[in-house]
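For the sequence shown, the positions run 1 to 370 when full-length UniProt numbering is used. Ideal placement from N, C-alpha and C gives every residue a C-beta, glycine not left out. Down below is the structure, laid out as structure tokens.
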Amino acid sequence: MIYLDHAATSPMRESAIEAWARHAGAVNPGAQYASGRKARSVLDSAREQVAEIMGADPVEVVFTASGTEADNVAVQGLFRASSSARIVASAIEHPAVAETVARLGADVELLPVDRSGHICDLSALDTPAALASCMMANNETGAIQPVEQIVARATAQGTPVHVDAVQAVGKIAINFHELGVHTLASSAHKFGGPRGAGFLLARRDSPVQAVMFGGGQERGLRPGTADVASAAALATALGEAVHEMEAEYARLAGLRDKLWQGISSTIDGAVLNTAEPALPGHCHVSFPGADGDSLIMLLDVAGIEASTGSACHAGVNRMSDVLSAMGIPEADGLGSLRLTLGRTTTSEDIEEVLRILPGVVERARSAGLR
Ligand code: PLP
Numbered sequence: 001m002i003y004l005d006h007a008a009t010s011p012m013r014e015s016a017i018e019a020w021a022r023h024a025g026a027v028n029p030g031a032q033y034a035s036g037r038k039a040r041s042v043l044d045s046a047r048e049q050v051a052e053i054m055g056a057d058p059v060e061v062v063f064t065a066s067g068t069e070a071d072n073v074a075v076q077g078l079f080r081a082s083s084s085a086r087i088v089a090s091a092i093e094h095p096a097v098a099e100t101v102a103r104l105g106a107d108v109e110l111l112p113v114d115r116s117g118h119i120c121d122l123s124a125l126d127t128p129a130a131l132a133s134c135m136m137a138n139n140e141t142g143a144i145q146p147v148e149q150i151v152a153r154a155t156a157q158g159t160p161v162h163v164d165a166v167q168a169v170g171k172i173a174i175n176f177h178e179l180g181v182h183t184l185a186s187s188a189h190k191f192g193g194p195r196g197a198g199f200l201l202a203r204r205d206s207p208v209q210a211v212m213f214g215g216g217q218e219r220g221l222r223p224g225t226a227d228v229a230s231a232a233a234l235a236t237a238l239g240e241a242v243h244e245m246e247a248e249y250a251r252l253a254g255l256r257d258k259l260w261q262g263i264s265s266t267i268d269g270a271v272l273n274t275a276e277p278a279l280p281g282h283c284h285v286s287f288p289g290a291d292g293d294s295l296i297m298l299l300d301v302a303g304i305e306a307s308t309g310s311a312c313h314a315g316v317n318r319m320s321d322v323l324s325a326m327g328i329p330e331a332d333g334l335g336s337l338r339l340t341l342g343r344t345t346t347s348e349d350i351e352e353v354l355r356i357l358p359g360v361v362e363r364a365r366s367a368g369l370r
């Protein structure tokens with residue numbers, strides 16, 4: 001099997017599995033007795049590790065049950081803290097942000113993107129808002145967004161910024177304090193940690209309000225008995241990902257370039273939708289005239305696992321909102337593949353994909369004609 005869907009989820013690292021197993025028996029870290037204190041110290045160490053790696057203070061780390069939950073707590077919490085009914089968000093946010101924003105009854109203005117998938121007009125930020133939300137890197141194309149410029153423009157109006165860094169954490173250098181955002185969302189399973197674990201960084205002076213209520217754990221922003229084993233595994237995976245980051249960036253970018261060069265020289269009309277600056281493992285390609293579902297099924301039969309767009313859209317037979325926002329015609333966008341490379345991807349994997357793909361596209365194009 002060749003797994004090229006690392007942007008959807010990446011296999012858990014051995015070190016994270018070991019950390020998880022070691023702490024799986026941890027009891028309630030809020031308990032006063034010895035076993036509770038022991039669990040608490042594991043949770044505290046995980047929090048300190050995450051804080052140090054991300055350039056945040058430990059108190060600013062809020063463990064959550066997913067990236068989606070971190071996005072919800074931040075977007076809803078910042079909106080609730082403000083008297084403004086206005087939200088600015090990019091036109092290519094993941095549903096964890098886009099759907100949340102859509103349900104708040106806010107006056108929403110979207111920052112447009114150009115054909116390269118990068119935000120191209122920041123003028124909506126020149127009017128104050130309850131919050132501005134922008135992803136660090138897009139899950140479909142991998143395009144890295146101009147977050148520094150967005151923060152500068154929003155901050156000039158007193159607008160707090162939330163950044164969805166779920167795809168970027170562990171892949172590119174991020175320093176929370178230097179970035180100057182109020183909140184940042186991350187998810188463990190994207191960098192080799194467990195699925196169902198994430199974290200929110202929330203600046204200690206941010207007015208972000210609680211949107212769920214209970215025992216007050218995690219600064220009251222994510223109440224509920226903490227999952228100590230997952231927090232320990234998340235911190236271990238993050239440490240390893242960041243340690244390998246520079247070398248992995250170069251290795252993956254090299255493999256991705258080899259993949260695209262091979263595709264463009266063997267398949268007529270292939271269009272690359274991933275443009276720099278982009279994450280090193282993303283290769284989003286359209287094959288005009290091909291049927292997207294056929295591409296996935298034929299690759300699956302050949303033992304190659306990839307996605308048509310984002311995993312969250314899989315199964316829905318329409319072009320993704322991200323490709324629409326980029327101005328890609330539906331006839332081209334429907335025949336797209338998101339190939340995302342990661343830690344387990346080898347040069348041999350890429351060679352095998354390049355051997356199989358031309359025939360797959362040819363067959364998916366004949367399916368597209370019917
Ligand atoms: N934000 C982005 C950019 C993502 O790519 C994803 C997952 O695909 C999420 C949020 C949601 O993360 P999770 O799967 O941990 O809920």
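Buried or exposed: which applies to Ser-310, given that a residue is buried once 16 or more other Cβ atoms fall within 10 Å of its Cβ?
By 1-based counting over the sequence shown, the position of residue 310 is 310. Per-residue confidence for Ser-310 stands at a pLDDT of 42, beneath the threshold of 50, marking its modelled position as unreliable; the derived number appears in the next sentence. By the 10 Å Cβ count, Ser-310 comes out buried.
Cβ of Met-135 within 7 Å of any heavy atom in the ligand PLP?
On the sequence shown, residue 135 is found 135 positions in, with the first residue counted as 1. Yes, the ligand PLP has a heavy atom inside 7 Å of this Cβ.
Can you tell me which of the three DSSP states His-243 falls into?
On the sequence shown, residue 243 is found 243 positions in, with the first residue counted as 1. Note: His-243 maps to helix in three-state DSSP.
Check the DSSP bridge columns for Phe-213 and list the partner residues they point to.
On the sequence shown, residue 213 is found 213 positions in, with the first residue counted as 1. Phe-213 pairs with nothing; no bridge assigned.
With respect to the alpha helix (DSSP H) encompassing Gly-67, which residues constitute its N-terminal and C-terminal limits?
What you label residue 67 is simply residue 67 of the sequence shown in a count that begins at 1. From DSSP, the alpha helix (DSSP H) with Gly-67 extends over 67 to 81.
Helix, strand or coil, according to DSSP, for Arg-222 in the structure here?
On the sequence shown, position 222 is the one that residue 222 refers to. It is coil, neither helix nor strand.
Would you check if the distance between the CB atom of Lys-171 and the CB atom of Met-54 is smaller than 8 Å?
The residue given as residue 171 occupies position 171 in the sequence shown. The residue given as residue 54 occupies position 54 in the sequence shown. Contact flag unset, no.
Tell me whether the beta-carbon of Gly-196 lies closer than 8 Å to the beta-carbon of Ser-66.
Within the sequence shown, the letter at position 196 stands for residue 196. Within the sequence shown, the letter at position 66 stands for residue 66. In contact: Gly-196 and Ser-66 (Cβ atoms closer than 8 Å).
Where do the N-terminal and C-terminal ends of the alpha helix (DSSP H) with Ile-87 fall, by residue?
In the sequence shown, counting from the first residue as 1, residue 87 sits at position 87. First-last for Ile-87: 86 to 90, but that is the beta strand (DSSP E), not the alpha helix (DSSP H).
Could you check whether the Cβ of His-189 sits closer than 7 Å to any heavy atom belonging to the ligand PLP?
Working through the sequence shown from its first residue, we reach residue 189 at position 189. His-189 Cβ: within cutoff of the ligand PLP.
Measuring straight from C-alpha to C-alpha, what distance separates Ser-41 and Ile-328?
If you number the sequence shown from 1, residue 41 lands on position 41. If you number the sequence shown from 1, residue 328 lands on position 328. So the two alpha carbons sit approximately 51 Å from each other.
DSSP three-state label for Ile-144, please.
What you label residue 144 is simply residue 144 of the sequence shown in a count that begins at 1. Note: Ile-144 maps to strand in three-state DSSP.
Determine the direct distance from the alpha carbon of Thr-340 to that of Phe-63, and round the result to whole angstroms.
As a position in the sequence shown, residue 63 is number 63, starting the count at 1. As a position in the sequence shown, residue 340 is number 340, starting the count at 1. Rounded to whole angstroms, Phe-63 to Thr-340 spans 27 Å at the Cα level.
I'd like to confirm something about His-23: is its beta-carbon nearer than 7 Å to some heavy atom of the ligand PLP, or not?
Residue mapping note: residue 23 aligns to position 23 of the sequence shown, counting from 1. No; taking the cut-off as 7 Å, the Cβ of His-23 has no heavy atom of the ligand PLP nearer than that.
Closest to Gly-25 by C-alpha separation, out of Gly-215, Val-208, Asp-227 and Ala-278, would be which residue?
Here residue 25 refers to the residue found at position 25 when the sequence shown is read from its first residue. Residue Asp-227 is the option with its Cα nearest to Gly-25.
If we define contact as Cβ-Cβ less than 8 Å, is Lys-171 a contact residue for chain C?
Among the chains of the structure shown, chain C does not appear; only one protein chain is present.
Rounded to whole angstroms, what is the Cα-Cα separation between Ala-229 and Glu-69?
Start at 1 with the first residue of the sequence shown, and residue 229 comes out as number 229. Start at 1 with the first residue of the sequence shown, and residue 69 comes out as number 69. Whole-angstrom Cα-Cα distance: 18 Å.
Quick test of the definition: if touching needs 3 or more C-beta pairs under 8 Å, does the segment 150 to 169 touch the segment 286 to 298?
Touching, no, given that fewer than three Cβ pairs across the two stretches are closer than 8 Å.
Comparing C-alpha positions only, which one of Leu-354, Leu-111 and Phe-199 sits nearest to Ser-265?
Indexing the sequence shown from 1 puts residue 265 at position 265. Closest by alpha carbon: Leu-354.
Which runs of the alpha helix (DSSP H) spanning at least 4 residues fall entirely within the segment 302 to 368, listed in chain order?
You should have 321 to 325 and 330 to 333.
Rounded to the nearest angstrom, what separates Thr-236 and Gln-49 at their Cα positions?
Walking along the sequence shown from the start, residue 236 turns up at place 236. Walking along the sequence shown from the start, residue 49 turns up at place 49. Going by the C-alpha atoms only, they are around 8 Å apart.
How would you call Tyr-3, buried or exposed, if buried means at least 16 neighbouring beta carbons within 10 angstroms?
Start at 1 with the first residue of the sequence shown, and residue 3 comes out as number 3. So Tyr-3 counts as buried.
Just to confirm my understanding: we take Ala-241, look at its own chain, exclude 5 residues before and 5 after, and list those with CB closer than 7 Å. What are they?
Counted from its first residue, the sequence shown places residue 241 at position 241. If we look at Ala-241 and ignore the five residues flanking it on each side, its Cβ neighbours are Gly-170, Phe-191 and Gly-192.
Is it the case that the Cβ atoms of Val-181 and Leu-131 are separated by a distance below 8 Å?
Counted from its first residue, the sequence shown places residue 181 at position 181. Counted from its first residue, the sequence shown places residue 131 at position 131. No, the Cβ-Cβ distance between Val-181 and Leu-131 is not below 8 Å.
Would you kindly report the start and end of the unbroken alpha helix (DSSP H) that includes Thr-64?
Reading the sequence shown from its first residue, position 64 is the one you call residue 64. It is not in any alpha helix (DSSP H) - Thr-64 instead sits in the beta strand (DSSP E) that spans 61 to 64.
If you measure from the CB of Thr-344, is any heavy atom of the ligand PLP nearer than 7 Å?
Working through the sequence shown from its first residue, we reach residue 344 at position 344. The answer is no for Thr-344.
Indicate whether the contact test is met: 3 or more Cβ pairs, each with one atom in the segment 247 to 255 and one in the segment 195 to 215, closer than 8 Å.
In short, these stretches do not touch, since the Cβ pair count stays below three.
Would Pro-194 be called buried (16 or more neighbouring beta carbons within 10 Å of its own) or exposed?
Counting from one through the sequence shown, the residue named residue 194 turns up at place 194. When all chains shown are included, Pro-194 counts as buried.
CB-CB under 6 Å to Cys-312, same chain, minus the five flanking residues each way: which ones, in chain order?
Translated into the one-based positions of the sequence shown, residue 312 becomes position 312. Legend: pLDDT at Cys-312 = 45, less than 50; position of this residue unreliable, value from coordinates given subsequently. If we look at Cys-312 and ignore the five residues flanking it on each side, its Cβ neighbours are Pro-95.
Just confirm the distance between the C-beta atoms of Ala-143 and Gly-117, as a whole number of angstroms; I'd bet it's less than 8 Å.
Counting from one through the sequence shown, the residue named residue 143 turns up at place 143. Counting from one through the sequence shown, the residue named residue 117 turns up at place 117. Yes, they are in contact, since the Cβ atoms of Ala-143 and Gly-117 sit about 4 Å apart, within 8 Å.
Do Gln-145 and residue 420 count as a contact pair if the criterion is CB distance below 8 Å?
With the chain covering only 1 through 370, there is no way to say anything about residue 420.
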